[in-house]
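In the numbering used here, the protein residues as written are 3 to 157.
Quick notes on the structure that follows.
This is the structure we're talking about:
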């Protein structure tokens, strides 16, 4: 089971990445994360969660972009960071602030695609808890390759 869960495809994505991108409302992603917690050591879970595809997309990027209804993004963070504590504070900060190949942050994807405004504010709250003041300012003011900041994405 552990080998199957952590296998990476030619694009650098694991089954968790694929699930986050293609599974509708997100229940499958959360369940898969729970299975991972049962079958992978904590260190492997941290690597699995923070790994990126060849486009530098993390599971968070994909959830923020494709799970537009429901609260999968926040549930994923809660389970990984608050619940099971798979990621250290430093790794959580990197996970939240990472940008993909097009320069989009999780915050920008969330602002652009999430239909529930509470998801964005909850994500910002997590940023406040895990990013320092300077990193938080960079996170909010970051401009992607299209010239968009999080405010553009919200508009």
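Beta carbons are placed, not taken as given, at the ideal position from N, Cα and C, and that holds for glycine.
Just so we're clear, the structure is a prediction, and the values are computed from it rather than from any experiment.
Taking the DSSP output, what are the residues bridged to residue 17? As far as DSSP is concerned, residue 17 takes part in no beta bridge.
For the alpha helix (DSSP H) holding residue 115, just list the boundary residues, first then last. Taken as a continuous stretch (DSSP letters only), the alpha helix (DSSP H) holding residue 115 covers 108-115.
Would you call the segment 36-48 and the segment 69-77 in contact, with 3 or more CB pairs under 8 Å? The segment 36-48 vs the segment 69-77: no contact.
Rounded to a whole number of angstroms, what is the C-alpha to C-alpha distance between residue 30 and residue 65? Going by the C-alpha atoms only, they are around 12 Å apart.
Alpha helix (DSSP H) containing residue 144: first to last residue? From DSSP, residue 144 is part of no alpha helix (DSSP H); its letter is neither H nor E.
In whole angstroms, give me the CA-to-CA distance for residue 32 and residue 101. So the alpha carbons of these two residues sit roughly 22 Å apart.
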